[in-house]
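Quick mapping for you: the protein sequence lines, in order, are chains A and B. If you use my numbering, the first sequence corresponds to residues 1 to 113, in order. If you use my numbering, the second sequence corresponds to residues 114 to 263, in order.
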Amino acid sequence: MLQKGERISFERRGDRMIVHIRGEIDHHSAVLVRTGIDREIMQDRPREVLLDLSGVDFMDSSGLGLIMGRYALVTKYGGTLAVVDPSFAVTKILRLAGMERMITIKRTKEKKV
Amino acid sequence: MKSRVDFSAAVENQMTVTLPSYSVNEGMARSAVAAFCAQLNPTAVELADIKCAVSEAVTNCIVHAYRGNVGEIRITVKLCEGRLVMVEIRDRGCGIENVKQAREPLYTTDAEGERSGMGFTVMESFCDEVRVSSRVGKGTTVALLKRLHK
């Protein structure tokens, strides 16, 4: 069931939780997004968490911290975390941080700038 | 290999914006800079690079320079001859004791806040040149330079 929120919504498919993030991820918004995601994750402890970034228009290094923090949270209880459909600009910063060596980046759509 | 950028290039147009260091102003800061740069018709990638670099510099002012206090962030954008964009982000916060160390990848003094320590690395990667001048107790000025495509 899709729960609508201002920036994030959650979709459950069995052991998989898909977190749809929209808008801009910076230091200001990351705090709100982090709190919302952590609450859902710790409540359900899904085996697989997918961070859907297809709706993210902008992300700076605060987003890197956000993703790394959720990766640490999920792997701590034995789950896995992947990032889905980041834009060209978001992919650029993920690569800069070497994040694709640690976290799976899945693509289901054509790349966008 | 990046070539050094001429800081003395003639200024053709410029804008200065002053904002209080509220985190909600991060988006406003990068959007204002991007809107002003749009008159040079940059590519989407160039504009995204500038927005990201500005966002990093402004976030540093909020998180590190003022550390929870509210201070002034002054942003000056200069559009110079040769399609050179220069953005100066200035604060009057605590200053940086060791600029060289602060610019190292993954270095952060705010580990609890989930900072990645990649702020300066992003600025340096997305711009042609980044200059930092800082005095402890006086503040910091970060100058971002990016030359746009012809």
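Every residue gets a Cβ at the ideal spot worked out from N, C-alpha and C, and that includes glycine. The model shown is predicted, which means the values in this text are computed figures rather than measured ones.
Proximal residues of chain A, C-beta to C-beta of B/V235 below 7 Å: Counting from 1 along the second sequence, the entry for residue 235 of chain B is found at position 122. Going along chain A in sequence order, the residues near B/V235 (Cβ under 7 Å) are D60, S61, I93, L96.
Three-state secondary structure assigned by DSSP to B/I186: On the second sequence, residue 186 of chain B is found 73 positions in, with the first residue counted as 1. In the structure shown, B/I186 sits in a strand (DSSP, three-state: E or B).
Extent of the continuous alpha helix (DSSP H) to which B/T172 belongs: Mapped onto the second sequence, residue 172 of chain B falls at position 59. 157 to 173 is the span of the alpha helix (DSSP H), which, as asked, contains B/T172.
Selected residue, minimal CA-CA separation from B/V235, among B/I175, B/Y220, B/S246: Along the second sequence, read from residue 1 onward, the residue named residue 235 of chain B stands at position 122. Considering only alpha carbons, the answer is B/Y220.
Counterpart residues of B/T129 in DSSP-defined beta bridges: The sequence position of residue 129 of chain B within the second sequence is 16, counting from 1. According to DSSP, B/T129 bridges with B/T189.
Closest Cα partner of B/A256 within the set B/C240, B/R248, B/K263, B/V249: As a working note, residue 256 of chain B is residue 143 in the second sequence. When each option's Cα is compared against that of B/A256, the closest is B/C240.
Helix, strand or coil at A/V113 according to DSSP, with G and I counted as helix: One-based indexing of the first sequence puts residue 113 of chain A at position 113. For A/V113, the predicted structure reports a pLDDT of 48, less than 50, and the residue's modelled location is therefore unreliable. A value from the coordinates is still provided. In the structure shown, A/V113 sits in coil (DSSP, three-state: anything other than H, G, I, E or B).
Stretch pair the region 195 to 207 of chain B + the region 246 to 253 of chain B: three plus CB contacts closer than 8 Å: yes
Minimum Cβ-Cβ distance from B/S134 to chain A less than 8 Å: Locating residue 134 of chain B in the second sequence gives position 21, where the first residue counts as 1. Not one chain A Cβ lies under 8 Å of B/S134.
N- and C-terminal bounds of the beta strand (DSSP E) containing A/G55: The residue you call residue 55 of chain A lines up with position 55 of the first sequence. Residues 48 to 59.
Exposure of B/G195, with buried meaning 16 or more beta-carbon neighbours within 10 Å: By one-based count along the second sequence, residue 195 of chain B stands at place 82. Exposed.
Residue-level contact to chain B via CB, A/M68, 8 Å cutoff: Against the first sequence, residue 68 of chain A aligns to sequence position 68. Yes, A/M68 lies at the interface with chain B (some Cβ there is under 8 Å from its Cβ).
Inter-residue Cα distance where the pair is B/E242 and A/E100: The residue given as residue 242 of chain B occupies position 129 in the second sequence. The residue given as residue 100 of chain A occupies position 100 in the first sequence. In a straight line, the C-alpha of B/E242 is about 26 Å away from that of A/E100.
Cβ of A/L73 within 8 Å of any chain B Cβ: Here the question's residue 73 of chain A lines up with position 73 in the first sequence. It does not; no Cβ of chain B falls within 8 Å.
Completely contained beta strand (DSSP E) runs for the region 23 to 104 of chain A, where each covers 3 or more residues: 48 to 59, 80 to 84
Contact under 8 Å by Cβ, B/E139 with B/V183: Numbered from its first residue, the second sequence carries residue 139 of chain B at position 26. Numbered from its first residue, the second sequence carries residue 183 of chain B at position 70. It is not a contact, given that the beta carbons lie outside the stated cut-off.
Residues that B/V200 bridges to, as DSSP identifies them: One-based indexing of the second sequence puts residue 200 of chain B at position 87. In the DSSP output, where bridge partners are listed per residue, B/V200 has B/V190, B/L257.
Identity of the residues DSSP links to A/R106 by a beta bridge: The residue you call residue 106 of chain A lines up with position 106 of the first sequence. Position check: residue 106 of chain A holds Lys in this sequence, whereas Arg was assumed. Partner(s): A/V84.
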